[in-house]
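Student: This structure is in structure tokens; I'll ask about it shortly.
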Amino acid sequence: MTLGDAPTTAMSTVFSERRADLVVTARNMRAEGVISLTLADPTGAKLPAWTPGAHIDVLLDDTVVRQYSLCGSPGDQHNWRIGVLLDPGGRGGSRRVHETMNVGDAVAVRGPRNHFPLLAADRYVSIAGGIGIAPMLPMLEAATDAGAAWQLFYGGRSRESMAFVGELARYGDRVTLWPEDTRGMLPLDEILSSPSDGVLIYCCGPEGLLTATERQCAAWPVGALHVERFAAKPQPEAAVGGDSAFEVVCRRSGVTVMVPPDKSIIEVLEENGVSVLSSCLEGVCGTCETAVLAGTPDHRDSLLTQEERETNEYMMVCVGRALSDRLELDL
Amino acid sequence: MKASLGRDNYPLNCWYVAATSDEVNASLLARQLLDRRVVLFRQSTGEIAALDDRCAHRAVPLSLGSLVDDQVVCAYHGFTYASTGACVRVPSQTHVPYGARVRSYPVRERPPFVWVWLGNVARSRSVEPPDVPELRESGWTTLGGSLQMAANYMLLHDNALDRTHFPYVHPHRIHRGYVEDPPPLRIEVAETTVSYTRTFSPAPLADWQHDATGLAADITYTQRETGTFVSPALHVDEMDILGPEGDSRVFRGMFVRAFTPIDPAHTMIIWRAARNYALQDESVTERLREVYEGTMVEDQPLLETIQATAPDSIGSGVSAAADAAAIRAYQIVDALLSEERVRSTTR
Numbered sequence: 419m420t421l422g423d424a425p426t427t428a429m430s431t432v433f434s435e436r437r438a439d440l441v442v443t444a445r446n447m448r449a450e451g452v453i454s455l456t457l458a459d460p461t462g463a464k465l466p467a468w469t470p471g472a473h474i475d476v477l478l479d480d481t482v483v484r485q486y487s488l489c490g491s492p493g494d495q496h497n498w499r500i501g502v503l504l505d506p507g508g509r510g511g512s513r514r515v516h517e518t519m520n521v522g523d524a525v526a527v528r529g530p531r532n533h534f535p536l537l538a539a540d541r542y543v544s545i546a547g548g549i550g551i552a553p554m555l556p557m558l559e560a561a562t563d564a565g566a567a568w569q570l571f572y573g574g575r576s577r578e579s580m581a582f583v584g585e586l587a588r589y590g591d592r593v594t595l596w597p598e599d600t601r602g603m604l605p606l607d608e609i610l611s612s613p614s615d616g617v618l619i620y621c622c623g624p625e626g627l628l629t630a631t632e633r634q635c636a637a638w639p640v641g642a643l644h645v646e647r648f649a650a651k652p653q654p655e656a657a658v659g660g661d662s663a664f665e666v667v668c669r670r671s672g673v674t675v676m677v678p679p680d681k682s683i684i685e686v687l688e689e690n691g692v693s694v695l696s697s698c699l700e701g702v703c704g705t706c707e708t709a710v711l712a713g714t715p716d717h718r719d720s721l722l723t724q725e726e727r728e729t730n731e732y733m734m735v736c737v738g739r740a741l742s743d744r745l746e747l748d749l
Numbered sequence: 005m006k007a008s009l010g011r012d013n014y015p016l017n018c019w020y021v022a023a024t025s026d027e028v029n030a031s032l033l034a035r036q037l038l039d040r041r042v043v044l045f046r047q048s049t050g051e052i053a054a055l056d057d058r059c060a061h062r063a064v065p066l067s068l069g070s071l072v073d074d075q076v077v078c079a080y081h082g083f084t085y086a087s088t089g090a091c092v093r094v095p096s097q098t099h100v101p102y103g104a105r106v107r108s109y110p111v112r113e114r115p116p117f118v119w120v121w122l123g124n125v126a127r128s129r130s131v132e133p134p135d136v137p138e139l140r141e142s143g144w145t146t147l148g149g150s151l152q153m154a155a156n157y158m159l160l161h162d163n164a165l166d167r168t169h170f171p172y173v174h175p176h177r178i179h180r181g182y183v184e185d186p187p188p189l190r191i192e193v194a195e196t197t198v199s200y201t202r203t204f205s206p207a208p209l210a211d212w213q214h215d216a217t218g219l220a221a222d223i224t225y226t227q228r229e230t231g232t233f234v235s236p237a238l239h240v241d242e243m244d245i246l247g248p249e250g251d252s253r254v255f256r257g258m259f260v261r262a263f264t265p266i267d268p269a270h271t272m273i274i275w276r277a278a279r280n281y282a283l284q285d286e287s288v289t290e291r292l293r294e295v296y297e298g299t300m301v302e303d304q305p306l307l308e309t310i311q312a313t314a315p316d317s318i319g320s321g322v323s324a325a326a327d328a329a330a331i332r333a334y335q336i337v338d339a340l341l342s343e344e345r346v347r348s349t350t351r
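These protein sequence lines map, in sequence, to chains W and P. Residue numbers for the first sequence, in the numbering used here: 419 to 749. Residue numbers for the second sequence, in the numbering used here: 5 to 351.
In structure tokens form, the structure reads like this:
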């Protein structure tokens, strides 16, 4: 072989997320309807590093995947902890976890990944509703370590339904508990009454709380609010006549496809041999975030902030579509 | 979203290799890390201390001074510092001026590497440095060295995660599978790491592989390669040659590179290689030294030229499909950098 010989066959690339088979090493009742599970490698091997705000996929079977925030300490490289709220009205994932996962059971997981990272700041306001407290626990630990000032407002149906209250006790009056049955809804208008530079707001909880917080933050500096959703944000009805077809050009792989009204970008790409990393297929997990090189995406995810949407630099190709006739993606 | 890559693009909240265990003794070792001067020394307890290499008094590098009873004595006026960085003696007066201290940095020794944390001290407690036990355990023979390059550390990560430059830059170091039958690259991502793996169809060995393992040159072997971006500070390659039929041995070579930014345009590479075969054979060690060192030296002029001519291009050029792992590494670093960008309450 001489210098400059080109490969005679093209090389293909297959993307996947780190998958691991773990085992439940502890299961604890944390509050009414909330359990925590501690997961570890069965051989005692180290788990991949993560940062506060990260979540993992729990693969209940080939088709049922649920996302759970890691709520232990990032310094513990051998154990991951998740909090799981039993949602009787849900799609059944949390019920399966509650009913079937016990100490010693195997659990397949993917990740971790993080779309709710704790950015550096001098001050934080954290707003948690119900099981939305989970990602806040490692964040508050990190914020405390970093010497930042912070306050947590934690709302729940009733005191009995609020998990991890005991662990929060060490933070004293930086934590405000707000059980709805005795105190009503979280007073977001008071909590967020004075917009300020240099304060970051982190919010995780049910859709009602997220929407109300987003509304309350309209007067805050762009980029101050960070939210995490575990269910897709309700989308406005599709325009009259439904969705239309558009063209997608994958610049790196040199593939051009037509996306019909009844299929997602990701489905069509996969049919055409373009491998895209994805997980939830609902626009909540952020795994399929893709850079947009040209064209205007129709963002339908629950993840990008308004500010990020307007730049049109990235989109989630599992739910997103196009406002232009053609999209060019970095794939 | 994109942090300004290519300039001051190294996360501070990360463990970096400052030295190897054998380099840190009961004497003062000066190192430039992340554009800061740091002095390292080993105390009589065996623990290593890392201090700002700059006297609080008149800014003389403390590494010019001397180490006396685990304390650093400045060469200029004899200001004396404990391993915590506190000034404990000023010879010209009886008391120590208020606030006289130098910054001390958290250190973790995981032989053969000495890791230092230059970021927020409290954050260091919840992060452990990576560890490669094969570099010190029995059953492995290691070799290594260090090399400085006039290139940003991300150019080195990018280069380490990329196999497609081998036929062009290192053509005499690869086996035929690289060119004739490159297998799919499987990329595995997690929040802060990315790795690629590929398994080649059986092919004859490259000359150096045959020299090192002693395996026959006239038959074919299955080979597997994995490269992992472990953190912004560490890249680990594993190369396995599976024994021929009837031989269940796996000839594994590990090539571990710590990339420590000296400043935005210079990087110190502290490297180690380990193998689980020919453990006692010095000539194999020397053959492998030439391969590992030679590969880096062959990359050096290209990477230094990119740095010299187009430093702003780092992390922003057109990418090919085979760059997927490197792109992910840039994204990981980008996310770490944006987490560190402080929003201040004072404008």
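Glycine included, each C-beta is placed from N, C-alpha and C at the ideal position.
CB P/P208 to CB P/D185, shorter than 9 Å?
Tutor: Not closer than 9 Å, so no.
Student: Against chain W, which members of the region 180-204 of chain P pass a CB distance test of less than 7 Å?
Tutor: Residues V183, E184, D185, P186, P188, L189, R190, I191, E192, V193, A194, E195, T196, T197.
Student: Of all the options P/H61, P/G89, P/P236, P/T88, which has the alpha carbon lying nearest to the alpha carbon of P/A79?
Tutor: Nearest of P/H61, P/G89, P/P236, P/T88 to P/A79, Cα basis: P/H61.
Student: I'd like the list of long-range same chain contacts for P/T299, defined as Cβ closer than 8 Å, with 5 residues on each side in sequence excluded.
Tutor: Correct list, in chain order: H174, R177.
Student: Against chain W, with Cβ distances strictly below 9 Å, would P/R253 count as a contact?
Tutor: Cβ-Cβ to chain W under 9 Å: no for P/R253.
Student: Let's test the definition: count the other Cβ atoms within 10 Å of the Cβ of W/A444 and tell me whether it reaches 16, buried, or not, exposed.
Tutor: Per the 10 Å Cβ criterion, exposed.
Student: Assuming W/C621 and W/V645 are in contact, meaning their beta carbons sit under 8 Å apart, how far apart are those beta carbons, in whole angstroms?
Tutor: About 5 Å; that satisfies the 8 Å criterion.
Student: Apart from the five residues on each side of it in sequence, which residues of its chain come closer than 8 Å, Cβ to Cβ, to P/I310?
Tutor: Hits under 8 Å: A155, L159, S317, I318.
Student: Kindly indicate if chain W contains any beta-carbon less than 9 Å away from that of P/R129.
Tutor: Yes, because at least one Cβ of chain W sits closer than 9 Å to the Cβ of P/R129.
Student: With 9 Å set as the bound, which would you pick, yes or no: does the beta-carbon of P/R345 sit closer than that to a beta-carbon of chain W?
Tutor: Output row for P/R345: interface = yes.
Student: For P/V322, count neighbouring C-beta atoms within 10 Å of its own C-beta (all shown protein chains included) and say buried if the count is 16 or more, exposed if not.
Tutor: P/V322 should be labelled exposed.
Student: Could I get the ranges of all uninterrupted beta strand (DSSP E) runs contained in the region 708-743 of chain W, with 3 residues as the minimum, in chain order?
Tutor: Correct list: 732-734.
Student: Determine which residues of the region 519-533 of chain W have a Cβ less than 7 Å from any Cβ of chain P, and write them out in chain order.
Tutor: Against chain P - using a Cβ distance shorter than 7 Å - the residues of the region 519-533 of chain W are G529, P530, R531, N532.
Student: Measuring CA to CA, which of P/V198, P/S25, P/A54, P/R293 is closest to P/G257?
Tutor: Checked all of P/V198, P/S25, P/A54, P/R293; the closest Cα to P/G257 is P/R293.
Student: Quick one: is W/M603 buried, meaning 16 or more other Cβ sit within 10 Å of its Cβ, or exposed?
Tutor: So W/M603 ends up on the exposed side.
Student: Less than 8 Å between C-beta atoms, sequence neighbours within five positions excluded: which residues of the same chain meet that for W/A657?
Tutor: Confidence at W/A657 is low in this model, with a pLDDT of 48, below 50, so the placement of that residue is unreliable and no value is reported for it.
Student: Would a C-beta distance cut-off of 9 Å place W/V525 and W/V441 closer than the cut-off?
Tutor: Yes, these two residues count as a Cβ contact at 9 Å.
Student: At the level of alpha carbons, what is the spacing between P/A278 and P/D135?
Tutor: The alpha-carbon atoms of P/A278 and P/D135 are separated by roughly 14 Å.
Student: Of the residues that make up the region 689-713 of chain W, which ones have a beta carbon closer than 8 Å to any beta carbon in chain P?
Tutor: Result list: L695.
Student: Any Cβ of chain P within less than 9 Å of the Cβ of W/V502?
Tutor: No, W/V502 does not count as interfacial toward chain P.
Student: Would P/A312 pass as an interface residue toward chain W - the criterion being a Cβ-Cβ separation below 9 Å?
Tutor: Answer no: the Cβ-Cβ gap between P/A312 and chain W never drops below 9 Å.
Student: Could you confirm whether any beta carbon from chain P is found closer than 9 Å to the beta carbon of W/P715?
Tutor: So, not an interface residue.
Student: When DSSP builds the beta bridges, which residues end up paired with P/P2?
Tutor: Residue 2 of chain P lies beyond the stretch modelled for chain P, which goes from 5 to 351, so this question has no answer here.
Student: Between the region 238-253 of chain P and the region 215-229 of chain P, do at least 3 Cβ pairs fall closer than 8 Å?
Tutor: Verdict: yes, contact present.
Student: Give me, in chain order, the residues of the same chain whose beta-carbon lies closer than 7 Å to that of W/L618; leave out the 5 immediate sequence neighbours on both sides.
Tutor: Excluding residues within five positions, the ones whose Cβ falls inside 7 Å are L537, A539, Y542, A642, H644.
Student: Could you check the C-alpha separation between P/Y200 and P/E192 for me, to the nearest Å?
Tutor: C-alpha separation (whole angstroms): 6 Å.
Student: Which residues in the same chain as W/P466 place their Cβ atom closer than 7 Å to its Cβ, once the five residues preceding and following it in sequence are excluded?
Tutor: If we look at W/P466 and ignore the five residues flanking it on each side, its Cβ neighbours are R436, P530.
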